[in-house]
Amino acid sequence: MKQKITGFHLDSENHWVADLECGHRQHMRHDPPWMERPWILTEEGRRSRLGVELECKRCDEAGRAVAEAVRKALISAAQQAYEDGGMSGLCAEGRWDLALDALGAADLSEAIRRALEAK
Ligand SMILES: [Zn+2]
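Per the numbering used here, numbering through the sequence shown is continuous, rising by one, with the last residue being 203.
Put into structure tokens, the structure is as follows:
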């Protein structure tokens, strides 16, 4: 996921780190010949990169974690509703309707919060 650079700071080892709008950070090393980023060494160079978008892998990971947590919560809600429908003596169609209602009514905020906290 692309995120804009909002600022820069030095880490404890004096390496420049870009601050991204999502709150994540990314090292911007100038380490020739592996990494050529001479612009990071000057105030003017850093200022010229403000607003530039970087690919944020941590946001992608968070997105995948949220998707997985939501999928698990929905499967669990549907299974629970389907079982409850069976206990109540509903026919297959009634159990299916109950499971679909459960998908629509599932509160996913807790699952999403936990997935993001782990990131
Ligand atoms: Zn991010």
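Virtual Cβ for every residue (Gly too), placed ideally from N, Cα, C. This structure is a prediction, so every number in the text was calculated from the model and none was measured.
Between which two residues does the beta strand (DSSP E) containing residue i stretch?
i      : result
Asp103 : Trp100 to Leu104
Ile89  : Lys86 to Leu94
Leu138 : Glu137 to Glu139
Specify the secondary structure class of residue i as computed by DSSP and reduced to three states.
i      : result
Met119 : strand
Leu184 : helix
Arg113 : coil
Glu128 : helix
Glu97  : coil
Ala157 : helix
Gly170 : helix
Cys143 : helix
Buried or exposed: where does residue i fall if 16 or more other Cβ atoms within 10 Å of its Cβ makes it buried?
i      : result
Gly169 : buried
Gln87  : buried
Arg113 : exposed
Arg179 : buried
Leu134 : exposed
Cys175 : exposed
Ala195 : buried
Leu182 : buried
May I ask which residues mark the beginning and end of the alpha helix (DSSP H) holding residue i?
i      : result
Leu200 : Ser193 to Glu201
If you compare alpha carbons, which of the options is closest to residue i?
i      : options                           : result
Val101 : Ala190, Arg130, Leu184 and Ala151 : Arg130
Ala149 : Ala202, Asp103 and Gly135         : Ala202
Cys106 : Ser132, Lys156 and Ala146         : Ala146
Ala240 : Asp191, Asp144 and Glu120         : Limits of the chain in this structure are 85 at one end and 203 at the other, which puts residue 240 out of reach.
Ala157 : Phe92, Leu104, Arg142 and Arg197  : Arg197
* Asked: Hey, is the stretch 159-173 in contact with the stretch 112-127, meaning 3+ C-beta pairs nearer than 8 Å?
  -> no
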